[in-house]
Each structure stands twice: as structure tokens, then as C-alpha cells.
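Have a look at the structure below before the remarks.
In my numbering, the protein residues as written are 26 to 194.
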């Protein structure tokens with residue numbers, strides 16, 4: 026098994042869990058906060074998808090970066106959020122988090138499109154590509170492989186949080 030296959034499997038598990046958590050929930054359930062400073066399922070799934078979309082599209086494929094599904098798929102327009110289109114949720118206030126109101130269908134559609142783009146990307150690179158340095162602002166510099174593992178880790182944490190909230194409903 027190649028390292029890219031392992032990453033593809035990790036992202037596929039996130040995909041399965043997004044569907045399991047979100048499918049069948051209504052607007053009230055998607056925006057339920059178990060505490061005054063807690064995130065909602067809608068925000069958690071939107072955020073994990075935005076981070077995956079942002080980070081994977083920023084990785085070079087044949088030396089080129091790609092546009093985010095958020096823009097090319099019309100999801101920025103579809104979600105019509107009241108903050109900058111480039112926002113991924115990182116560092117957002119509780120008020121900004123509360124502004125993320127999306128249907129289960131919109132959340133699943135956006136994740137499905139992002140997942141497809143991620144799988145296409147992973148099918149187009151080699152294990153050797155994973156050693157490519159993509160961010161020199163850190164010590165040690167971040168490789169493509171480390172960035173992808175970081176995204177899987179972030180996604181897994183957030184979908185786990187969303188699953189916990191669903192269990193409280």
C-alpha cells in the first residue's frame with residue numbers, strides 16, 4: 026500500500042462520517058449549541074470542509090495550485106455567509122460561528138465536492154511528492170505529506186466533535 030492510498034482512505038473515513046453526522050438533521054439541530062461558547066454541527070462541518078478545500082487546493086500539482094471548490098463550485102454564493110469569502114473558520118468569534126447556517130444538503134454537497142477534489146489530487150501525486158516542502162515558515166519546513174496528515178487530523182477532530190453533538194440531540 027502506498028502512502029497516498031493511506032491518505033485517501035483517511036479522507037474517505039471523514040467523508041463517511043460527514044454523511045453519518047449531517048444526514049437527516051434539520052436547521053435547529055445543525056445550529057444547536059450544547060454550551061454558550063460551543064460550536065455547532067453546521068459550523069464544524071463547514072469549517073473542516075473549508076480547511077480541507079483551502080489546504081489541499083493550495084498544494085502544488087505539476088507546479089500549479091488549484092482553485093478552491095468553495096469558489097468554483099458556487100458554494101461561497103450558495104452559503105452566502107456574512108464574512109470574507111476566503112474565511113475558513115480559523116480564529117472566528119462565537120458570533121461569526123453562529124452566522125454559519127446551512128442545510129444538511131448544502132453541507133454534504135460541499136463536502137462531497139471537496140472530497141472528490143481531494144481524491145483526484147491524491148490520485149495524481151506520488152509518494153515522492155509527499156516530501157515536497159510546501160511551507161518554509163515552520164521549523165522544520167512543512168512537507169506536502171505533513172500538511173495532508175494535518176488536514177486529516179483536523180478533520181477527524183472536528184467530525185468527532187460534531188458526532189458528539191449529534192449524540193446529544
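Beta carbons are placed, not taken as given, at the ideal position from N, Cα and C, and that holds for glycine.
By the neighbour-count definition (other C-beta atoms within 10 Å, threshold 16), residue 108 is an exposed residue. Counted as a single uninterrupted DSSP element, the alpha helix (DSSP H) harbouring residue 70 occupies residues 66–82. Under the three-state reduction of DSSP output, residue 47 falls in the helix class. For the pair residue 71 and residue 56, the Cα-to-Cα distance works out to about 12 Å.
Within the same chain, no Cβ atom closer than 6 Å to the Cβ of residue 115 is found once the five residues on either side in sequence are excluded. A buried status is given to residue 135, since no fewer than 16 other beta-carbon atoms sit within 10 Å of its beta-carbon. In the DSSP annotation of this structure, residue 125 is not part of any beta strand (DSSP E), being labelled neither H nor E. The stretch 43–56 and the stretch 87–95 do not touch, with fewer than three beta-carbon pairs separated by less than 8 Å. By the beta-carbon neighbour count (other beta carbons within 10 angstroms, threshold 16), residue 182 is exposed.
When the beta-carbon positions are compared, residue 42 and residue 188 come within less than 9 Å of each other.
Look at residue 106 here: in three-state DSSP terms it is coil, with no helix or strand label.
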